[in-house]
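Peer 1:
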Amino acid sequence: MTGIDETYRRKWNKEEYLKKIEERDQNKKQQLIDKIMGKKNKKRKSTGSNKEVVDINEETTRKEREKEFQNLDERIGQKITTGINDLTQGAFCCTICNRRFTDSQSYYDHMNSREHLRKAGIKVNKKKTTKNEIQELFKKKKEEIIENKTKKEKKNEEKEIEIEEKLTGKKQLEKQKQLEKQLEKENKNKNKKKKKQK
1 MTGIDETYRR
11 KWNKEEYLKK
21 IEERDQNKKQ
31 QLIDKIMGKK
41 NKKRKSTGSN
51 KEVVDINEET
61 TRKEREKEFQ
71 NLDERIGQKI
81 TTGINDLTQG
91 AFCCTICNRR
101 FTDSQSYYDH
111 MNSREHLRKA
121 GIKVNKKKTT
131 KNEIQELFKK
141 KKEEIIENKT
151 KKEKKNEEKE
161 IEIEEKLTGK
171 KQLEKQKQLE
181 KQLEKENKNK
191 NKKKKKQK
């Protein structure tokens, strides 16, 4: 194939690209390791349009972590929210417990929690009921149901009576109209007879 010109094709430096791939793989592995270990080696500071990358000293991050974990035994079981001073801003807020929730479900769960109820002054302990108390409750409920039924029956009876009165009133009006028409016809007939007799 001597007649074909292949100089227009780009020639790749394979060694250079293999080095780049190896460096990229090593960086990814190191980032994953740092992420797992909780290290942050670089932090970005924005200064106007230029962005500088600043190295953080590992001693300062260690000191910060130590401050966070001081008196940890005293804080066991407590939940801490940080970052927003105004609790009512953009979320559900419990002013009694001084806590903030991002969704309604967690807020609802908190409102029914023992911790919140205790702080609100509502008794959390459940009272044990006896057999007699339960029987009394059932009797009260039965009486309420019977009263409701009798009230409904009375209302239904009143409605039926009203309907009957309306119907009887209409019937009476119709009878009166019929009687008036009959009287008018009779009067007309009498008048005609009188005219004929004259």
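Residues in the sequence shown are numbered from 1 upward in steps of one, following full-length UniProt numbering. Beta carbons are placed, not taken as given, at the ideal position from N, Cα and C, and that holds for glycine. Keep in mind that this is a model prediction, so the values were computed, not measured.
1. What first and last residue would you give for the alpha helix (DSSP H) that runs through R10?
2. Counting only the same chain and skipping the five closest in sequence on each side, list residues whose C-beta sits under 6 angstroms from that of A120.
3. Bridge partners for R99 per DSSP, in chain order?
4. What does the Cβ neighbour count give for R118, buried or exposed, with the cut at 16 atoms within 10 Å?
5. Assign N112 to one of three DSSP states: helix, strand, or coil.
6. Which same chain residues, not among the five before or five after C93, have their C-beta less than 8 angstroms away from its C-beta?
7. If you run the structure through DSSP and keep just helix, strand and coil, what is K149?
Peer 2: On the basis of the supplied data:
1. First-last for R10: undefined, no H or E at that position.
2. I96
3. C94
4. exposed
5. coil
6. L87, R99, R100, F101
7. helix
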